[in-house]
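Chemist:
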């Protein structure tokens, strides 16, 4: 059992769902406990299809029940968070932009995902295991505890045999439920602004929502689809079935193969999605499971499943519909990768606490964006401000709850950076030093002379994440390259006010050589030059001081890096070093 942490005891969305889940579990098993510790396991579920890279939109399918399950654990209850790997689903299409995959993979369309070869060079035995491995590693880094269930293993070992035979015996009842929705027209879609193709892919889900609900022909309706014994594809039609003997005959439209099997012994097929999902709710006793937009529209899987689950003697789980997760910087990523970012992509550039927080702070029905562009710096600033408010006790209850869920689980606190220096500062240092760790340590050691950082390990893993962001998401033409020689022509052309501003900066450089000191000094030079104290506040200054500051900053950037803009000037000055700054500014 995990260590039981103190409940957050707030009314945030996670706590509200935890209340509902505990109450629903007790309704389903009245009198089955004497205490929370001896009650039956509370079962929450997620479903992931490893049909390609499992992206950040899919992660909401896991994080929503994870956060609720973790709150239930904090209250002392035993919880099983099931992740059903839908690896026995059909291979629907060849995803774009996957390394080691070409058009020849199209020949496997229709086979189970576990029967499709892994991308070239992969150490994994098949397509499904290749993409499951990346997601499993990311979930471990994020502290997500779960029980994984392979649907290939479940179906091919005969675990669901009785459920399959039961569905076939009740196929007319299932057909009647499904038929209520087959003739209904979908409501007209509201107009919306165009979205990028990769964003549409992110919103699409696994594709199971669009699959057919079973074969219906002259022999009747059947909620079961065999995989062909010859070509392994699911392009099959059941042509006959006998309830007493369980003899089933099918024909494959792909290769023409046909055979008769005894379903009570046959393990090479699965229930169609709209029957499979509610069957599993009943089989596992799922109390809570969210669903994406593609499964939650009228007549879709979740709604229909709520009726079909009764045929299996179960109840529909409670759970919200979750909204779209967008990407800031998507256009650049889509063009370079050919697909949408995965949790592993996000964890290369951000700590797991930040990624957990993004999912914890928004209700499931609220959409949000994950930043891969400059916006990540603002997100980190916001996170650090929240961290400071938690430390000084000024945080609001809902924000405190989101923070708590980000930094720890019921099992304990996630590993964190010992000295969490500002992400934008670390990114600037990584940009300027271009992989030279000794230079990076020198600069970081000068940020706060009163408490200097002694090792880069103190700033890790945040430093490594910021460096990865610089190296993978900042275009080459936006990287910072410090001048090797002074810009003699520019220095010669300066008017007297510009020369004076440089002298003021250089005269106070040594006395202000720290991050805070240089911040104060750089902003103070235009104030002093205009006759105001260096510590004058914006309210005490005329508007033209801001213009003077922008002009001064642009001059410094041109003299130091040959551009109008760059990293924050205090960080840049520290990175360049006093002697080189003086040389480049003409001293």
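In my numbering, the protein residues as written are 52 to 638. Cβ coordinates follow ideal geometry from the N, Cα and C atoms, glycine included.
Keeping to the same chain, check which residues put their C-beta closer than 6 Å to that of residue 306; ignore five residues upstream and five downstream.
Modeler: The residue given as residue 306 occupies position 255 in the chain shown. The residues are 281 and 282.
Chemist: Measure the CB-CB distance between residue 135 and residue 214 and report whether it falls below 8 Å.
Modeler: Start at 1 with the first residue of the chain shown, and residue 135 comes out as number 84. Start at 1 with the first residue of the chain shown, and residue 214 comes out as number 163. In this structure, residue 214 does not lie closer than 8 Å to residue 135 by Cβ.
Chemist: Need the endpoints of the beta strand (DSSP E) that residue 489 sits in, please.
Modeler: In the chain shown, the residue the question calls residue 489 occupies position 438. Not the beta strand (DSSP E): residue 489 falls in the alpha helix (DSSP H), residues 488-496.
Chemist: Pairs of beta-carbons, one from the region 424-438 and one from the region 457-474, closer than 8 Å: are there three or more?
Modeler: With the cut-off at 8 Å, the region 424-438 and the region 457-474 touch.
Chemist: Out of curiosity, what's the CA-to-CA distance linking residue 357 and residue 171?
Modeler: Here residue 357 corresponds to residue number 306 of the chain shown, with the count starting at 1. Here residue 171 corresponds to residue number 120 of the chain shown, with the count starting at 1. Distance between the alpha carbons of residue 357 and residue 171 is about 41 Å.
Chemist: If we count Cβ pairs, one from each stretch, closer than 8 Å, do we get three or more for the region 326-339 versus the region 92-102?
Modeler: The region 326-339, when compared against the region 92-102, does touch it at the 8 Å Cβ threshold.
Chemist: Assign residue 193 to one of three DSSP states: helix, strand, or coil.
Modeler: As a position in the chain shown, residue 193 is number 142, starting the count at 1. The answer is coil: DSSP assigns residue 193 none of H, G, I, E or B.
Chemist: Taking the C-alpha atoms as reference points, what is the distance between residue 139 and residue 412?
Modeler: Here residue 139 refers to the residue found at position 88 when the chain shown is read from its first residue. Here residue 412 refers to the residue found at position 361 when the chain shown is read from its first residue. So the alpha carbons of these two residues sit roughly 34 Å apart.
Chemist: In terms of residue numbering, what span does the beta strand (DSSP E) encompassing residue 200 cover?
Modeler: Working through the chain shown from its first residue, we reach residue 200 at position 149. Taken as a continuous stretch (DSSP letters only), the beta strand (DSSP E) holding residue 200 covers 198-201.
Chemist: Can the beta-carbon of residue 393 be found closer than 8 Å to that of residue 107?
Modeler: For the purposes of this step, residue 393 is taken as the residue at position 342 of the chain shown. For the purposes of this step, residue 107 is taken as the residue at position 56 of the chain shown. Yes, the pair counts as a contact, with Cβ atoms nearer than the cut-off.
Chemist: Under three-state DSSP, which class holds residue 581?
Modeler: Residue 581 sits at position 530 when you count from the first residue of the chain shown. Of the three classes helix, strand and coil, the one that applies to residue 581 here is coil, per DSSP.
Chemist: Flag this pair as touching only if the region 484-497 and the region 443-450 have three or more C-beta atom pairs under 8 Å; answer yes or no.
Modeler: With a cut-off of 8 Å, the region 443-450 and the region 484-497 do not count as touching, because too few Cβ pairs lie within range.
Chemist: My output table needs one value for residue 357: the three-state DSSP class, helix, strand or coil.
Modeler: As a first step, residue 357 is located in the chain shown; it is residue number 306 there, counting from the start. Helix at residue 357.
Chemist: Should residue 109 go down as buried or exposed, given a rule of 16 or more other Cβ atoms within 10 Å for buried?
Modeler: As a first step, residue 109 is located in the chain shown; it is residue number 58 there, counting from the start. Label assigned to residue 109: buried.
Chemist: If you run the structure through DSSP and keep just helix, strand and coil, what is residue 301?
Modeler: Locating residue 301 in the chain shown gives position 250, counting from the first residue. Three-state result, residue 301: strand.
Chemist: With 16 other CB atoms within 10 Å as the buried threshold, where does residue 407 fall?
Modeler: Residue numbering aside, residue 407 sits at position 356 when the chain shown is read from its first letter. Looking at its Cβ environment, which holds 16 or more other Cβ atoms inside 10 Å, residue 407 is buried.
Chemist: What's the call for residue 503, buried or exposed, on a 16-neighbour Cβ count within 10 Å?
Modeler: Locating residue 503 in the chain shown gives position 452, counting from the first residue. Classification of residue 503: exposed, given that the 10 Å Cβ count is below 16.
Chemist: By Cβ distance below 7 Å, which residues in the same chain neighbour residue 71 in space, the five residues on each side in sequence not counted?
Modeler: Residue numbering aside, residue 71 sits at position 20 when the chain shown is read from its first letter. Contacts found: 369.
Chemist: Pull up the distance between the alpha-carbon of residue 379 and that of residue 422, whole angstroms please.
Modeler: Numbered from 1 along the chain shown, position 328 holds the residue referred to as residue 379. Numbered from 1 along the chain shown, position 371 holds the residue referred to as residue 422. Going by the C-alpha atoms only, they are around 4 Å apart.
Chemist: CB-CB under 7 Å to residue 603, same chain, minus the five flanking residues each way: which ones, in chain order?
Modeler: Here residue 603 is taken as the residue at index 552 of the chain shown, counted from 1. Excluding sequence neighbours, residue 603 sits near 552, 576 and 577.
Chemist: Starting from residue 524, follow the alpha helix (DSSP H) in both directions and report where the run begins and ends.
Modeler: The sequence position of residue 524 within the chain shown is 473, counting from 1. 513-524 is the span of the alpha helix (DSSP H), which, as asked, contains residue 524.
Chemist: I need the straight-line Cα distance from residue 454 to residue 304, nearest angstrom please.
Modeler: As a working mapping, residue 454 is identified with position 403 in the chain shown. As a working mapping, residue 304 is identified with position 253 in the chain shown. Rounded to whole angstroms, residue 454 to residue 304 spans 54 Å at the Cα level.
Chemist: For residue 641, collect the residues of the same chain with a Cβ closer than 7 Å to its Cβ; drop the 5 residues on either side in sequence, then sort them by chain order.
Modeler: This structure cannot settle anything about residue 641, because the visible part of the chain is limited to 52 through 638.
Chemist: What would DSSP say about residue 221, mapped onto helix, strand or coil?
Modeler: Counting from one through the chain shown, the residue named residue 221 turns up at place 170. Coil.
Chemist: Strictly by DSSP, which residues pair up with residue 469?
Modeler: As a working mapping, residue 469 is identified with position 418 in the chain shown. Residue 469 is not bridged to any residue.
Chemist: Helix, strand or coil for residue 377, going by three-state DSSP, please let me know.
Modeler: The sequence position of residue 377 within the chain shown is 326, counting from 1. In the structure shown, residue 377 sits in a strand (DSSP, three-state: E or B).
Chemist: If you draw a straight line from the alpha carbon of residue 518 to that of residue 536, how long is it in whole angstroms?
Modeler: Taking the first residue of the chain shown as position 1, residue 518 is located at position 467. Taking the first residue of the chain shown as position 1, residue 536 is located at position 485. One C-alpha to the other measures close to 26 Å.
Chemist: Please go through the same chain and pick out, in chain order, the residues whose beta-carbon is closer than 8 Å to the beta-carbon of residue 188, but skip the five residues on each side of it.
Modeler: On the chain shown, position 137 is the one that residue 188 refers to. Excluding positions up to five away in sequence, the list reads 395.
Chemist: Cα separation between residue 73 and residue 359?
Modeler: Here residue 73 refers to the residue found at position 22 when the chain shown is read from its first residue. Here residue 359 refers to the residue found at position 308 when the chain shown is read from its first residue. Each residue's Cα considered, the two are about 24 Å apart.
Chemist: Please report the residue range of the alpha helix (DSSP H) in which residue 10 lies.
Modeler: A question about residue 10 goes unanswered here, because the residues of the chain that appear run from 52 up to 638.
Chemist: Where does residue 456 sit, in a helix, a strand or coil, going by DSSP?
Modeler: Working through the chain shown from its first residue, we reach residue 456 at position 405. Here residue 456 sits in helix by DSSP.
Chemist: For the putative contact between residue 372 and residue 342, defined by C-beta atoms under 8 Å, what is the C-beta separation to the nearest angstrom?
Modeler: What you label residue 372 is simply residue 321 of the chain shown in a count that begins at 1. What you label residue 342 is simply residue 291 of the chain shown in a count that begins at 1. So it is a contact: roughly 6 Å between Cβ atoms.
Chemist: Are the CB atoms of residue 414 and residue 156 nearer to each other than 8 Å?
Modeler: Position 363 of the chain shown, counting from 1, holds the residue named residue 414. Position 105 of the chain shown, counting from 1, holds the residue named residue 156. No. Outside cutoff.
Chemist: If I follow the unbroken alpha helix (DSSP H) through residue 554, where does it start and stop?
Modeler: The count along the chain shown starts at 1 and reaches residue 554 at position 503. From DSSP, the alpha helix (DSSP H) with residue 554 extends over 547-558.
Chemist: Using the Cβ count rule (16 or more neighbours within 10 Å means buried), how would you classify residue 177?
Modeler: Your numbering for residue 177 matches position 126 in the chain shown. With 16 or more Cβ atoms within 10 Å of its Cβ, residue 177 is classed as buried.
Chemist: Can you tell me where the alpha helix (DSSP H) with residue 414 in it begins and where it stops?
Modeler: In the chain shown, counting from the first residue as 1, residue 414 sits at position 363. Residue 414 -> no alpha helix (DSSP H), and no H or E assigned at all.
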